[in-house]
Amino acid sequence: MTAFTEPSPTPLALLLLGQNSDSGSERGVECPGDLPPASDHSLVERAIAAKAALGNRVFILGHHYQRDEVIAFADVTGDSFKLAREAAARPDAEYIVFCGVHFMAESADILTADTQSVVLPDLDAGCSMADMANIAQVEDAWDVLIDAGIADITVPVTYMNSTAAIKAFTGRHGGTVCTSSNAKTALEWAFKQGQKVLFMPDQHLGRNTAVLEMGMSLDDCVVFNPHKPNGGLTTAQLQDARMILWRGHCSVHGRFTPQKVDEIREKVPDVKVLVHPECTHEVVLKADLVGSTEFIISTIASAPPGSSWAIGTELNLVRRLALAHPDKAITYLDSTVCYCSTMNRIDLPHLVSSLEDLVAGKVRNVITVDPQVTHWAQVALERMLELPAAVAATD
Ligand code: 13P
Ligand code: SF4
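This is the structure:
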């Protein structure tokens, strides 16, 4: 992210600068909290005109981590779970424009009809966590579980942040997809199907859910490193484990530290720390509340006026929450942690370009999942959609 100087900083920028006046120099870099404004002001009018021209033929989904300029045009905003449901519930929309990242658009394509096109405004909007597991590695890992004699009693559970091929692997092997909203429910379901879970690709969501919500111990969890022979584990370790966690993480949430939680508590004694479960276990242990983006939003919405919050999730969402709730003191858990760079690839120029292409009859940047992959990935996604609704939260 490029830092820039803003003549009159927004309330959040002031908050951020105030919060970290000393720690910024300690780590050398600060994220100022604002993205540069769109350089071409006619873009807003062009987006309005293109959207109006398309009418009900287009439905725009916006993930909570998207930029304000994109969220302004979303028909619905949500976390990855809500957006998957919303995509599945729009059979009449010819075009689903997905303002999120690649794996989310793939899931939308799997859950929508063949007659619908899912458009990702920038094809480079990926997810570094999803990139930490590829299907060849997962197939190799399964062979390791077969050799250890535990594949038959292991149920794969894959986080939404994974490729369609890994979702298909999961469906084919009797497992389910989960999101941060329903990880506990998904694990409860999985442990009724088998004795062990292979959780991919986010080790932190898997560990946090197993230990803090399912009552397992850290000793029940092992980390499978796909870059090491046998995952870096002995056969005995694999046989003893209940949770086999893939060695993946989010590069944004992984940067929040327990020290930052201590610092903010020292500065603001009555602060409540609210973090996403992709944060490390050490951070989550020190937080007051942990939950998905939807949970974070609803917690702040129902918080009493005057309450103080430090939030550990992507900055676009935290900025919007701070601006939407001026009666509450909302700050970022660590102002050296910036936006999700891949989410932020979707900006107003890319959105306008996609919408204007559609108006002109040019359907570009379409995400199409191979039909063979679609079948089993759909099985895994539908297993997830059938799980009882839940919003993950841990005190
Ligand atoms: P949600 O499941 O809360 O939408 O999070 C998705 C994500 O990518 C978080 O980093
Ligand atoms: Fe992926 Fe992390 Fe960005 Fe979410 S915030 S899309 S997990 S890199």
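For reference, each letter of the sequence shown is one residue, going -6 to 388 in our numbering. We treat Cβ as the ideally placed atom computed from N, Cα and C, and that holds for glycine.
1. Listed by chain order, which residues have C-beta atoms less than 7 Å from any heavy atom of the ligand SF4?
2. Less than 7 Å between the CB of H269 and some heavy atom of the ligand 13P, yes or no?
3. Let me check you understand the geometry: is the CB of D327 closer than 7 Å to at least one non-hydrogen atom of the ligand 13P?
4. Buried or exposed for D72, please, with buried defined as at least 16 other CB atoms from any protein chain shown within 10 angstroms of its CB.
5. Sorry if obvious, but does the Cβ on F249 come closer than 7 Å to a heavy atom of the ligand 13P?
6. Please give me, in chain order, every unbroken run of the alpha helix (DSSP H) with length at least 4 that falls completely inside the stretch 38 to 85.
7. Around the C-beta of N49, are 16 or more other C-beta atoms found within 10 angstroms, so that it is buried, or is it exposed?
8. Measuring only from the beta carbon, is S173 closer than 7 Å to any heavy atom that is part of the ligand 13P?
9. Identify the continuous beta strand (DSSP E) that holds S301 and give its terminal residues.
10. Under 7 Å Cβ to Cβ from D15, same chain only, skipping five residues before and after it: list those, please.
11. Take Q196 as the anchor and find which of G247, R60, Y152 and L238 has the nearest alpha-carbon.
12. Assuming T335 and D102 make a contact with CB atoms under 8 Å, what is their CB distance in whole Å?
13. Using the three-state DSSP reduction, which class does M236 fall into: helix, strand or coil?
14. Compute the minimum distance between the beta carbon of F192 and the heavy atoms of the ligand 13P, and state whether it is under 7 Å.
15. Would you mind reading off the limits of the alpha helix (DSSP H) that contains F96?
16. Roughly how many whole angstroms lie between the Cα atoms of Y58 and F184?
17. May I ask which residues mark the beginning and end of the alpha helix (DSSP H) holding K221?
18. As a quick exercise: from G299, A65 and S300, pick the residue whose alpha carbon is nearest that of I339.
19. Please name the residue, chosen from L138, C171, A161 and I159, that lies closest to Y152 on a Cα-to-Cα basis.
20. How close, in whole Å, do the beta carbons of S173 and H269 come, if the pair is a contact with beta carbons under 8 Å?
21. If you draw a straight line from the alpha carbon of R20 to that of D327, how long is it in whole angstroms?
22. On a Cα-Cα basis, can you pick out the residue from I128, G284 and V204 that is closest to T163?
23. Is the beta carbon of A77 sitting closer than 8 Å to the one on L104?
24. Between S210 and the rest of its own chain, which residues show a CB-CB distance below 8 Å, the 5 nearest in sequence each way excluded?
25. Give me the DSSP bridge partner(s) of A322.
26. Cβ of V148 within 8 Å of Cβ of G187?
27. What residue range is occupied by the uninterrupted alpha helix (DSSP H) comprising S346?
28. Between the beta-carbon of L374 and the beta-carbon of K160, is there less than 8 Å?
29. For L113, which residues from the same chain have a beta carbon less than 7 Å from its beta carbon, with the 5 sequence-adjacent residues on both sides left out?
30. Does the beta-carbon of T286, which I'm using as the reference point, lie nearer than 7 Å to any heavy atom of the ligand 13P?
31. For L278 and W302, which I take to be in contact (beta-carbon distance under 8 Å), what is that distance rounded to the nearest angstrom?
32. Nearest to D140 by alpha carbon, out of G168, C272, Q232 and L54?
33. For Q130, I'd like the list of residues in its chain whose CB is within less than 7 Å of its CB, leaving aside the five on either flank, ordered along the chain.
Inspection of the coordinates gives the following:
1. Y58, V94, C120, S121, M122, A123, N154, C243, S244, V245, H246, E271, E307, C333, T335 and M336
2. Position 276 of the sequence shown, counting from 1, holds the residue named residue 269. Checking the Cβ of H269 against the ligand 13P gives yes.
3. The sequence position of residue 327 within the sequence shown is 334, counting from 1. No.
4. Taking the first residue of the sequence shown as 1, we reach residue 72 at position 79. D72 should be labelled buried.
5. Mapped onto the sequence shown, residue 249 falls at position 256. No; taking the cut-off as 7 Å, the Cβ of F249 has no heavy atom of the ligand 13P nearer than that.
6. 61 to 64 and 73 to 81
7. Position 56 of the sequence shown, counted from the first residue, corresponds to residue 49. Result: exposed.
8. Translated into positions along the sequence shown, residue 173 becomes position 180. Yes, the Cβ of S173 comes within 7 Å of a heavy atom of the ligand 13P.
9. For the purposes of this step, residue 301 is taken as residue 308 along the sequence shown, with counting starting at 1. S301 -> beta strand (DSSP E) spans S301 to G305.
10. Locating residue 15 in the sequence shown gives position 22, where the first residue counts as 1. Unreliable placement is indicated for D15, whose pLDDT of 32 sits below 50; no coordinate value is reported for it.
11. The residue you call residue 196 lines up with position 203 of the sequence shown. Comparing Cα-Cα distances from Q196 to each of G247, R60, Y152 and L238, the minimum goes to L238.
12. The sequence position of residue 335 within the sequence shown is 342, counting from 1. The sequence position of residue 102 within the sequence shown is 109, counting from 1. 18 Å between Cβ atoms; not a contact.
13. Locating residue 236 in the sequence shown gives position 243, counting from the first residue. M236 falls in the strand class under three-state DSSP.
14. The count along the sequence shown starts at 1 and reaches residue 192 at position 199. Flag unset: Cβ of F192 not near the ligand 13P.
15. Working through the sequence shown from its first residue, we reach residue 96 at position 103. Per DSSP, F96 belongs to the alpha helix (DSSP H) from H95 to L104.
16. Here residue 58 refers to the residue found at position 65 when the sequence shown is read from its first residue. Here residue 184 refers to the residue found at position 191 when the sequence shown is read from its first residue. Each residue's Cα considered, the two are about 32 Å apart.
17. As a position in the sequence shown, residue 221 is number 228, starting the count at 1. Taken as a continuous stretch (DSSP letters only), K221 belongs to no alpha helix (DSSP H), as it is neither H nor E.
18. Numbered from its first residue, the sequence shown carries residue 339 at position 346. Cα-wise, what sits closest to I339 is A65.
19. As a working mapping, residue 152 is identified with position 159 in the sequence shown. Checked all of L138, C171, A161 and I159; the closest Cα to Y152 is C171.
20. Stepping through the sequence shown from its first residue, residue 173 is reached at position 180. Stepping through the sequence shown from its first residue, residue 269 is reached at position 276. About 7 Å; that satisfies the 8 Å criterion.
21. The residue given as residue 20 occupies position 27 in the sequence shown. The residue given as residue 327 occupies position 334 in the sequence shown. Per-residue confidence for R20 stands at a pLDDT of 38, beneath the threshold of 50, marking its modelled position as unreliable; no derived number is given.
22. What you label residue 163 is simply residue 170 of the sequence shown in a count that begins at 1. Per the Cα distances, I128.
23. Along the sequence shown, one-based indexing puts residue 77 at 84. Along the sequence shown, one-based indexing puts residue 104 at 111. Against a cut-off of 8 Å, the Cβ pair of L104 and A77 comes out as a contact.
24. Working through the sequence shown from its first residue, we reach residue 210 at position 217. Answer for S210: V204, listed in chain order.
25. Counting from one through the sequence shown, the residue named residue 322 turns up at place 329. Paired residues: S301.
26. Position 155 of the sequence shown, counting from 1, holds the residue named residue 148. Position 194 of the sequence shown, counting from 1, holds the residue named residue 187. Cβ atoms of V148 and G187: closer than 8 Å.
27. By 1-based counting over the sequence shown, the position of residue 346 is 353. Residues L341 to V352.
28. On the sequence shown, residue 374 is found 381 positions in, with the first residue counted as 1. On the sequence shown, residue 160 is found 167 positions in, with the first residue counted as 1. Yes; because the gap between Cβ atoms is below 8 Å, this pair is in contact.
29. The residue given as residue 113 occupies position 120 in the sequence shown. For L113, where only same-chain residues beyond five positions count, the Cβ hits under 7 Å are F91, H95, A98, N358 and I360.
30. Here residue 286 refers to the residue found at position 293 when the sequence shown is read from its first residue. Yes.
31. Here residue 278 refers to the residue found at position 285 when the sequence shown is read from its first residue. Here residue 302 refers to the residue found at position 309 when the sequence shown is read from its first residue. At roughly 18 Å, the Cβ-Cβ gap does not stay under 8 Å, so L278 and W302 are not in contact.
32. Along the sequence shown, one-based indexing puts residue 140 at 147. Selected option, being the one with the closest Cα: Q232.
33. Here residue 130 refers to the residue found at position 137 of the sequence shown. So the qualifying residues of the chain are P219.
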